[in-house]
Structure formats: C-alpha cells, structure tokens
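Enquirer: Our numbering puts the sequence shown at residues 12 to 303.
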Amino acid sequence: MRSRASTAVGGNADRLGALLAGPVAALVLLGRPRASRRALPMLALVPPLLYWQANAPVADFLSAAEDPAVHSSYFAPLLGELNVLGAGSGTHPARIEIVATRDHWEARWAAPRVMLARGWERQLDRYRNALFYERSPRLSAQRYDAWLREQSISYVALPDAPLDYSAKAEARLLKGAAEGTARAGRPPSYLSEVWRSAHWRLFAVSDPTPLATPPAALSRLGGDSFSLRAPAAGAYTVRLHFTPYWAIASGHGCVGRAPGDWTRVQMRAGGSVRVAISFSLGRVLSDGPRCG
Numbered sequence: 012m013r014s015r016a017s018t019a020v021g022g023n024a025d026r027l028g029a030l031l032a033g034p035v036a037a038l039v040l041l042g043r044p045r046a047s048r049r050a051l052p053m054l055a056l057v058p059p060l061l062y063w064q065a066n067a068p069v070a071d072f073l074s075a076a077e078d079p080a081v082h083s084s085y086f087a088p089l090l091g092e093l094n095v096l097g098a099g100s101g102t103h104p105a106r107i108e109i110v111a112t113r114d115h116w117e118a119r120w121a122a123p124r125v126m127l128a129r130g131w132e133r134q135l136d137r138y139r140n141a142l143f144y145e146r147s148p149r150l151s152a153q154r155y156d157a158w159l160r161e162q163s164i165s166y167v168a169l170p171d172a173p174l175d176y177s178a179k180a181e182a183r184l185l186k187g188a189a190e191g192t193a194r195a196g197r198p199p200s201y202l203s204e205v206w207r208s209a210h211w212r213l214f215a216v217s218d219p220t221p222l223a224t225p226p227a228a229l230s231r232l233g234g235d236s237f238s239l240r241a242p243a244a245g246a247y248t249v250r251l252h253f254t255p256y257w258a259i260a261s262g263h264g265c266v267g268r269a270p271g272d273w274t275r276v277q278m279r280a281g282g283s284v285r286v287a288i289s290f291s292l293g294r295v296l297s298d299g300p301r302c303g
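1) To the nearest angstrom, report how far apart S100 and A188 are at their CA atoms.
2) Of all the options R240, S151, A111, which has the alpha carbon lying nearest to the alpha carbon of R133?
3) Between the beta-carbon of T202 and the beta-carbon of A215, is there less than 9 Å?
4) In the DSSP assignment, find the unbroken alpha helix (DSSP H) run with Y85 in it and report its ends.
5) In three-state terms, what does DSSP make of A258?
6) Go through its chain and collect everything with a Cβ distance to R279's Cβ below 6 Å, but skip five positions before and after it.
7) Which first and last residues belong to the alpha helix (DSSP H) in which Q153 is found?
8) If you follow the beta strand (DSSP E) that Y138 is in, where does it begin and where does it stop?
9) For the alpha helix (DSSP H) containing S184, list its first residue and its last residue.
10) Can you find the residues in the same chain that come closer than 6 Å, C-beta to C-beta, to S208, ignoring five residues on each side of it along the sequence?
11) What do you reckon, are the CB atoms on L127 and R106 nearer than 9 Å?
12) What distance in whole Å lies between the Cβ atoms of R240 and A228, which are believed to be in contact at a cut-off of 8 Å?
13) Hey, L150 and L142: beta-carbon distance below 9 Å or not?
14) Quick one: what's Y247 bridged to in DSSP?
15) Mind checking which residues open and close the alpha helix (DSSP H) that includes A118?
16) On a Cα-Cα basis, can you pick out the residue from L292, S200, R285, D272 that is closest to L135?
17) Mind checking whether L292 and V249 have CB atoms under 9 Å apart?
18) For A260, which option in R285, P270, F237 has the closest C-alpha, if you only look at C-alpha atoms?
19) Thinking just about the alpha-carbon of each residue, which of H210, G282, T220 is nearest to the one in F86?
20) Could you give the distance in angstroms between the alpha-carbon of G267 and the alpha-carbon of P58?
21) Determine whether the Cβ of P242 lies closer than 9 Å to any Cβ atom of chain B.
22) How about A98 and Y166: do their beta carbons lie closer than 9 Å?
23) So P104 and L184 are in contact, right, with Cβ under 8 Å, and what is the actual spacing, rounded?
24) DSSP state of P270, grouped into three classes?
25) Quick check on the DSSP output: the beta strand (DSSP E) that includes A215 runs from which residue to which?
26) Quick one: is E77 buried, meaning 16 or more other Cβ sit within 10 Å of its Cβ, or exposed?
27) Assuming S230 and S163 are in contact, meaning their beta carbons sit under 8 Å apart, how far apart are those beta carbons, in whole angstroms?
28) N140 to G281, Cα distance in whole Å?
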C-alpha cells in the first residue's frame, strides 16, 4: 500500500499508518465489553496489517537487488576519472552534479570522495533545487544552465542506472532528448562530453562559476571545513551553503551569510583563513557574523 502523495510527507503518512493501525485496532477492541468475542475480527486484520508493514521493505530489497548503483564498484570508474581530472574535494575543490540514482547511492559512494551538488534529503532538495520538481515551467536548457552557474558546478555525470523521478527530465536534457531541444542526440552547447565508460557519461561545464569570488580561491575543502586564500583584505562570497555554525578556525576575519544562502568571508588582510563547523548553543538562535 502506497500513499497517493509521492512525496516525503506521503511516505511518512504510509509509515504512520503501518505502525499505528494494529495497536489502535487492538485498543479499540480491548476497550469494549466482551472483547474476547471480538478477537476473531481482530485476527482477521493480522494478515493485511503484516502485509502493509512488510510490503515496503521487501519491495525496497528487491529493487536494490537489481540496481547496479548499490555497489561501490559502479561508481569507481567515475571517481577514478574525476581524480585524474583533479576534480573533487581536498586541495582541488570542484562541485560535481551526479544525476540522482533511484535510491541516491551517490550520497553513499561518491560523497566521501567528491563534492556533490545535491544530497538525498528530499525536503531540502525540493527547497534548493526546485527546478527538478516543477512541472511548469519545464526544465529547459536555459534554466539548467542558470542552475549550473548558480551552483558553481564544474562537471555533470550521467549514470545508466535507474534514476530518481526528479532526475528524468535532467537525463533527457543531457541526452539531447528534451522536448523542443535544437540539438537532438547531443547535450546543450555549454556541456562537452569529456569521458565515458560502460555505465557513465561525464560532461564538463564551459566556464564554470568559481567557488569563491575572484581573486580569492578555495584552496582546500573538507567535510566540515574549507580554506580560503586571497591576495588582499575584502569580503568574498564562497559558494558553500551557509550555516550559523561556521567559525574562523585559523587566520583573522568574520564569516556570515551571503545572498543566495551562500557564505561570506570578510578577510582582514591578504593570506589564508580556515573556516570550520563549531557548534555553540548560542548559535542556535543567531545567524549573524561570527568573527575570530
């Protein structure tokens, strides 16, 4: 049994019903006189309730069994090529868009090695990347180009594994099969195919937006930190999503929110600063600049 709403909220509604239906039915029967006479109807409910609870995990297991993206080996050739290109995290930061697989295994196998443009949390993805969910206007080459620029994406990787429903229009666009495209069978002109394997196609974005406002440059990227290098004092936008828990870990300056929900680093002098996540109860209700 599935919710009519194919969203994260709809999935939660399904789980709530599966968890509560049995206990609620039992409480209703136990709360009535001569409950023992009503045990037979309760027993009749057991098979459908068990099916309701088991259906989703069994279906997910069977789906995963035939999905090549569940294996790390599926992503290995792509990650190897990105390493050759010097694109990833560490000292060569570059943001990569991997067209979302059905169960978002890129978040498991690729995210520890490269900086992904998107994660697997549906609510956050809808908020930040609404163009992949909107039915009108449809995803066009122009809208996709604007999104790639805004997100500072350098490479786009297209797998041949089953895709998430939000990725179908993106895949059609990359294959040159989108409705109204003038480049049938080819990707948009701002993308060039630089590599392919048995399961992947990798496209480079022409003239990608830098991850930091020039002349500043992102010199290192970690899972919870980044380093910025600049020749002079100034305010520089870093295209990493802002969090109130960013703090100056080394160097001197301030870190705050920039337009677009990006991060702004105010450097007091030329050189380098390192910014890292540092939790503080006081930051729960405050997102103003944090200096160090």
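Ideal placement from N, C-alpha and C gives every residue a C-beta, glycine not left out.
Expert: Answer, in terms of the structure:
1) 32 Å
2) A111
3) The question names Thr, yet the displayed sequence has Leu at residue 202. Cβ distance < 9 Å, so L202 and A215 count as in contact.
4) 83–95
5) strand
6) A244, H263, G264
7) 152–161
8) Run containing Y138: none in the beta strand (DSSP E); it sits in the alpha helix (DSSP H), 133–139.
9) According to the sequence shown, residue 184 is Leu rather than Ser. Taken as a continuous stretch (DSSP letters only), the alpha helix (DSSP H) holding L184 covers 179–185.
10) P88
11) yes
12) 5 Å
13) yes
14) V276
15) 117–120
16) D272
17) no
18) R285
19) H210
20) 55 Å
21) Absent from the structure is chain B; it holds one protein chain and no more.
22) yes
23) Not quite, the Cβ-Cβ distance comes to about 26 Å (not below 8 Å), so this is no contact.
24) helix
25) 211–216
26) exposed
27) That pair is no contact at about 15 Å.
28) 34 Å
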